[in-house]
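The block underneath contains the structure these notes are about, expressed in structure tokens.
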Amino acid sequence: MRLLGWSVIWIATAILITGLISYISADLNVLVWQAHLRVAGGIFFMIALIVGGVLTTDSAYRNRKRDFYREDWSFICILVTVTLFGISFILS
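In this note's numbering, the protein residues as written are 1432 to 1523.
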């Protein structure tokens, strides 16, 4: 349940930030906002790849007393990516 909560927080944050940037740069043009959502989705996908790939070293596995592990953060970033691309698809 915490995974969905964190996903919703990151999705809302990305939507608000891209909406604010779109409003400042293009007076809330839907096509610009759609492009910004896709860029944000790409950034979250890149973060998911980095978290899932780089943190697979032995030193990352030694400290296993955390509430969230790398797999959890990768899944959160993938959920955010899919949702942002879905919202940008709906806006088109």
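Quick reminder that beta carbons are idealized off the backbone N, C-alpha and C, glycines included. This one's a predicted model, so the numbers in the text were calculated from it and none came from an experiment.
Leaving aside the five residues before and after residue 1478 along the sequence, list all residues of the same chain whose C-beta is less than 7 Å from its C-beta, in chain order.
-> The residues are 1508.
To the nearest angstrom, report how far apart residue 1510 and residue 1504 are at their CA atoms.
Spanning the two alpha carbons is a distance of roughly 10 Å.
_residue 1442 beta carbon less than 9 Å from that of residue 1522_ = No, these two residues do not count as a Cβ contact at 9 Å.
- Going straight from the alpha carbon of residue 1434 to that of residue 1518, what length do you get? 20 Å
Alpha carbon of residue 1438 to alpha carbon of residue 1457, nearest angstrom
For residue 1438 and residue 1457, the distance between alpha carbons rounds to 27 Å.
Q.
Quick check on residue 1503: does DSSP put it in helix, strand or coil?
A. helix
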